[in-house]
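Note that the sequence shown ends on residue 192 in UniProt numbering; no numbers are left out.
First up is the structure itself, then whatever we jot down about it.
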Amino acid sequence: MTVTAEDELWQRFRSGDEQAFTAIYNTYFATLYRYGYHIASDDELVKDTIQTLFVELWRAHRTLSPTDSIKFYLLKAMRRQVYRAIRQQTPALMGTDADNSLGFSPEFDFITLEVQQQQQAQLRQAINQLSHRQKEAITLLYIDGLSYPEIADMMAVQVRTVYNLVYEALERLRKLLSQPGFWLLTLMGLMV
C-alpha cells in the first residue's frame, strides 16, 4: 500500500468511514495476529486482543492522530494491548506455527513434513531460550519488517539497544543451533 493510499485510508477511518475501518482490519489482522502470537503464544488471547484493539480504535476514531504508517501504529497499539492482556492472565510460552504445503508424493510429503516439524521444534526451542526482549526484537525485525528506529520507538529503547538485542539474539541462536543434526534438517528443508 502506498503512503498516499495509507494516508487516505487512515483519514477516511478517522472521519468514521466503516469501509475504511473494515479495510484496515482485513489488511492488518494477519500481521497483528502473528506479532501478538510471538509475544503471547495464546491463540485465543491474541484474537481477543485484536478484537479489543479494534473496538477501542473505533470508539476513539475521531480523536486518533494522523500516522505515517498504519502498520506501525497498529503494531505499537497491539503491543500495549497484548502486554495488558498478559498482565491480566498467566504469561504463555513463545512459539510459532507454520503451515507448509508440499506438492510431491504422499511418502515424500510425509517425510518432509516430519523433518520440518522437527526443525521447527528445534528452532522454537532455541528461540524460547532467548530473552523476552530479544524474541520481540527479532520478531519485529524479521517477521513484521519494521526498521530498527521503529522497533526502538515501539520498545521504548535506543536504536543502538535494538541493534544489540538483535545481534545477541542471532549469536545465541547460532550457538544453540550449531548442532549438526539441526543443519542437516535445515538443508533437507531447503531442498523442498
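Where a beta carbon is used, it is the ideal one built from N, C-alpha and C, also for glycine.
Go to A156, then tell me how far its alpha helix (DSSP H) extends in each direction, as first and last residue. That residue, A156, is in no alpha helix (DSSP H); it is neither H nor E in DSSP.
So which of E18, A20, Q19 and D43 has the shortest CA-CA distance to A30? D43
Spatial distance of V46 from Y33 (CA atoms): 6 Å
Terminal residues of the continuous alpha helix (DSSP H) containing A40? E18 to A40 is the span of the alpha helix (DSSP H), which, as asked, contains A40.
Looking at C-beta atoms only, is the number of pairs between the region 158–173 and the region 55–64 that lie closer than 8 Å three or more? no
Under the assumption that L75 contacts A126 (Cβ atoms under 8 Å), give the Cβ distance between them as a whole number of angstroms. No, L75 and A126 are not in contact; Cβ-Cβ is about 24 Å, not under 8 Å.
With 16 other CB atoms within 10 Å as the buried threshold, where does D68 fall? It is exposed - the Cβ of D68 has fewer than 16 other Cβ atoms within 10 Å.
Taking I86 as part of the alpha helix (DSSP H), name the residues at either end of that continuous run. I70 to Q88
Using only the alpha-carbon positions, how far apart do F72 and A121 sit? 30 Å
Own chain residues within Cβ distance below 8 Å of M78, not counting five before or after: Residues of the same chain with a CB within less than 8 Å of the CB of M78, apart from the 5 flanking positions on each side, are L32, Y35, G36, T49, I50 and L53 in chain order.
Excluding five sequence neighbours on each side, which residues of the same chain lie with their C-beta closer than 7 Å to the C-beta of F13? A20, F21, I24 and H61
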